[in-house]
Amino acid sequence: MTKEAALREELKKIDVNEKLSACPIDFSRSKVANPRAGQQSKTYVSGTAKSNFNDRKKFQPYQEPQFNNLFTDGTLPVEANRYRLIWSRHCPWANRLAIAIDLLGLDNVISKGVVDPLRPAGVVGDWFFTLDDNDEDPVLHTHSLSESYLKADPNYDLRTTVPALVDIKTGKVVNNNYNTLIDEFSIAWKKYQNENAPDLYPEALREDIDALNKIIYTDVNTAVNEAGLARSQADYEKYYNRVFNRLDWLEDRLSKQRYLFGSIITDTDIRLYVTLARFDVVFYQKYYVNKKRLVDYPNLWNYTKDLYSLPAFKNNTDFDAIKKRFYQVDHTPQSDLPRIIPNGPDLSNWTAPNDRDRFEK
Ligand SMILES: N[C@@H](CCC(=O)N[C@@H](CS)C(=O)NCC(=O)O)C(=O)O
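Going by our numbering, the sequence shown opens with residue 14, and the numbers climb by one from there.
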């Protein structure tokens, strides 16, 4: 039973494209988004590992998740130390799950492996463990994420995406759908959660949460990408307006309550946070959504600082990785292809006090 009829009405006004939107920077034909646009991509070789997306060649700007096994329907056993979340610190979609795992206290039973936000020079369509010793994930003993995708499906011929949940026992990707995984961890992993872990998807709010998630997905999470990668002025302006109209609306909602659903943190707060955390650092400048910065919205900004004051948010927010990925894109030496990474904005204010406890009873 929905409690907020207004959310339902708001949802009716927008056109939700359920296709999950990727960050298609490497593949963009626009030099603004992809400094290597128009150049040939290369093969990654490390020891016996080899990865060449060109052998797979199936680029689609929108790619639905291919692995959707669930815990809630009993397909995947809920077992401590059996799964590893592979994520990249730059990626807003993957960032959600890293935050949720820590917030729920599941970090003791679900491990995390991090891929390099910068791919090897000229290589596209895969993610690599080049931040680790010997360029190898210490648990999965793989060099690239495609090794786990190919174990799960030897005929896999799409690009690999993060987040990807890998079964350590088999080495296979079991789920790469960021959209369902937070709720899976919330519902099916209760016995391993911290005693005082928040309920990110409370039953009484599910309809409202689903509605607001769709609104935020369409008008915030994906609209910033669509603005930045638009191929026409009219398209860009459509998404630009969409983003700022919705931020105004959210600013108003957050002027009345501490979190998006009152006094508790939910899945929806994580979904909004990951875009807000990247807003001033990359989207404002790089994707031209520059009517206002996050810091110009008193409620949204204080709300973001409030979430950032929690270790689960702070420890999984890596501004350097975000900037590198969006501005530098890959490991091509700067001498071959100059890509300046802006110094600003000044981020020291992220740990400044916030005014959100004004909502506490
Ligand atoms: N469709 C993906 C969305 C996640 C996503 O697009 N992740 C990006 C990184 S932010 C990715 O891995 N893109 C693949 C690439 O850039 O080659 C999913 O459901 O998991």
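Built from N, CA and C at the ideal position, the CB exists for glycine as well.
Quiz item: Should Y191 go down as buried or exposed, given a rule of 16 or more other Cβ atoms within 10 Å for buried?
Solution: So Y191 counts as buried.
Quiz prompt | Cβ shell of R338 (< 6 Å), same chain only, five flanking positions each side left out | solution = Sequence-distant partners of R338 (beyond 5 residues in either direction) whose C-beta falls short of 6 Å from its own C-beta, in its chain, are H103 and P130.
Quiz prompt | Selected residue, minimal CA-CA separation from D248, among S322, Y300 and R109 | solution = Y300
Exercise. Examine the Cβ distances between the segment 251-270 and the segment 51-59 and report whether three or more of them are shorter than 8 Å.
Key: Contact fails: fewer than three Cβ-Cβ distances are below 8 Å.
Exercise. Would you kindly work out how many angstroms separate the C-alpha atoms of D319 and S361, rounded to a whole number?
Key: 14 Å
Quiz item: Does the separation of the CB atoms of D333 and P133 fall below 8 Å?
Solution: At a Cβ-Cβ threshold of 8 Å, D333 and P133 do not count as neighbours.
Quiz item: Since L289 is in the alpha helix (DSSP H), which residue starts that stretch and which ends it?
Solution: For L289, the enclosing alpha helix (DSSP H) begins and ends at D280 to R291.
Practice problem: Report all residues from its chain with a CB closer than 6 Å to the CB of K304; omit the five preceding and five following residues, and keep chain order. | Solution: F257
Self-check item: 6 Å Cβ shell around M14 - same chain, five flanking residues per side excluded
Solution: Only weak support exists for where M14 lies, its pLDDT of 49 falling under 50; the value from the coordinates is given anyway. If we look at M14 and ignore the five residues flanking it on each side, it has no Cβ neighbours.
Quiz item: Is A201 near V91, with beta carbons less than 8 Å apart?
Solution: yes
Self-check item: S59, DSSP secondary structure in three states
Solution: strand
Practice problem: For D248, name the three-state secondary structure that DSSP assigns. | Solution: helix
Quiz prompt | DSSP-derived helix/strand/coil call for G241 | solution = helix
Quiz item: Within 7 Å: the Cβ of W100 and any heavy atom of ligand 1?
Solution: no
Quiz item: So the beta strand (DSSP E) S124 belongs to, where does it begin and stop?
Solution: That run of the beta strand (DSSP E) goes I123 to V128.
Practice problem: Measure from the alpha carbon of D166 to the alpha carbon of each residue in F80, P37, A18 and L307, then state which is nearest. | Solution: F80
Self-check item: Per DSSP, cross-strand counterpart(s) of R97
Solution: S124 and V179
Quiz item: Any heavy atom of ligand 1 closer than 7 Å to the Cβ of V137?
Solution: Distances from the CB of V137 to the heavy atoms of ligand 1 include at least one below 7 Å.
Self-check item: Own chain, CB closer than 6 Å to W100, minus 5 neighbours either side, in chain order
Solution: Setting aside the 5 residues that flank it on each side, W100 is surrounded in the same chain by A107, A111, V175 and P176, each with a C-beta closer than 6 Å to its C-beta; the list follows chain order.
Self-check item: Check whether Y297 and R306 have beta carbons under 8 Å apart
Solution: yes
Exercise. Report yes or no: do three or more beta-carbon pairs, one from the segment 201-215 and one from the segment 157-171, lie closer than 8 Å?
Key: no
Quiz item: Taking the beta strand (DSSP E) that N168 falls in, what are its first and last residues?
Solution: No beta strand (DSSP E) contains N168, which DSSP labels as neither H nor E.
Quiz item: According to DSSP, is D343 helix, strand or coil?
Solution: In the three-state DSSP reduction, D343 falls in the strand class (E or B).
Practice problem: Determine the DSSP secondary structure at K337, reduced to helix, strand or coil. | Solution: helix
Quiz prompt | Y191 Cβ short of 7 Å to ligand 1 heavy atom set | solution = yes
Exercise. Determine, using beta carbons only, whether D280 and R259 come nearer to each other than 8 Å.
Key: no
Quiz item: Are D115 and N328 closer than 8 Å when you measure CB to CB?
Solution: yes
Quiz item: Does DSSP put R132 in a helix, in a strand, or in coil?
Solution: Of the three classes helix, strand and coil, the one that applies to R132 here is strand, per DSSP.
Exercise. Kindly give me the distance between the Cβ atoms of P74 and P37, rounded to whole angstroms, as I take these residues to be in contact under 8 Å.
Key: 5 Å
Practice problem: Would you mind giving the Cβ-Cβ distance between F40 and F72, rounded to the nearest angstrom? I have them listed as a contact below 8 Å. | Solution: 6 Å
Quiz item: Name the DSSP bridge partner or partners of N81?
Solution: N188
Exercise. Measure the alpha-carbon distance for P78 versus D180 and round it to whole angstroms.
Key: 17 Å
Practice problem: Evaluate contact between the segment 221-237 and the segment 273-287, counting only Cβ atoms and requiring at least three cross-stretch pairs below 8 Å. | Solution: yes
Quiz item: Contact check, K164 vs T143 under 8 Å by CB: the rounded distance?
Solution: About 20 Å; that fails the 8 Å criterion.
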